[in-house]
Amino acid sequence: PYAAAAAAAQQAAAAQAAAAAAAAAATAAAARGSGAEICAEVVINDAPGAARFALTQRKTQEEICRRTHTQIVTRGRYIQGKEAAAAAQAGSNAAERPLFLRVTPGAGAGPTDESKWAAVDAACLDLRAVMAGVPVAQLPPPGTLVMQRQPPPAAAPHPGQPPYLA
Numbered sequence: 272p273y274a275a276a277a278a279a280a281q282q283a284a285a286a287q288a289a290a291a292a293a294a295a296a297a298t299a300a301a302a303r304g305s306g307a308e309i310c311a312e313v314v315i316n317d318a319p320g321a322a323r324f325a326l327t328q329r330k331t332q333e334e335i336c337r338r339t340h341t342q343i344v345t346r347g348r349y350i351q352g353k354e355a356a357a358a359a360q361a362g363s364n365a366a367e368r369p370l371f372l373r374v375t376p377g378a379g380a381g382p383t384d385e386s387k388w389a390a391v392d393a394a395c396l397d398l399r400a401v402m403a404g405v406p407v408a409q410l411p412p413p414g415t416l417v418m419q420r421q422p423p424p425a426a427a428p429h430p431g432q433p434p435y436l437a
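Here the sequence shown stands for residues 272 to 437, where the numbers follow our numbering.
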């Protein structure tokens with residue numbers, strides 16, 4: 272019974288990480304066409320303790336950076352409980368943001384924006400895999416983890432209304 276419960280919990284964590292990755296990919300895809308800076312943020316504040324610890328370790332970050340030709344910087348601080356809910360409501364304007372990793376392309380990411388975005392996406396997928404409990408040593412080669420792209424949302428019925436409220 273314990274093994275089944277542990278397997279179910281691991282599958283649930285993997286599904287949650289995949290859903291978060293899809294949402295991050297949609298946000299990143301929207302920013303790509305706007306000439307915005309090439310970067311992504313992966314929030315790790317709510318990750319399980321062991322995963323959060325691993326993701327903030329220099330050794331883990333250096334390995335993912337080496338694999339994907341990116342740079343990873345730890346930002347924010349660990350916030351728990353009610354304080355985390357208040358910080359989430361304050362958004363990015365808050366003085367203290369919950370713990371997150373900022374991923375930018377490194378020198379070896381390539382000359383084009385497309386190759387830089389591919390490197391950032393690969394690093395984000397690796398980070399989310401570690402969040403789901405995969406050890407860094409067991410990550411598949413870069414480019415083999417693939418996000419399942421969601422079809423674009425239908426047009427909003429009213430101007431200014433987000434499509435997910437339709």
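All C-beta atoms, glycine included, are put in the ideal place defined by N, C-alpha and C.
In this structure, Cys310 and Val391 form a Cβ contact; the two beta carbons are roughly 7 Å apart against a cut-off of 8 Å. When C-beta atoms of the stretch 329-344 are compared with those of the stretch 370-384, three or more pairs fall below 8 Å, so the two segments count as touching. For Glu334, the secondary structure class from DSSP, reduced to helix, strand or coil, is helix. Comparing alpha-carbon positions, the option among Thr331, Leu370, Gly320 and Cys395 lying closest to Pro406 turns out to be Thr331. Contact between Val313 and Cys395 holds, since their C-beta atoms are separated by about 6 Å, short of 8 Å. CA-CA distance, Asp384 to Ala307, rounds to 11 Å.
Per DSSP, the unbroken alpha helix (DSSP H) holding Arg323 starts and ends at Gly320 to Thr327.
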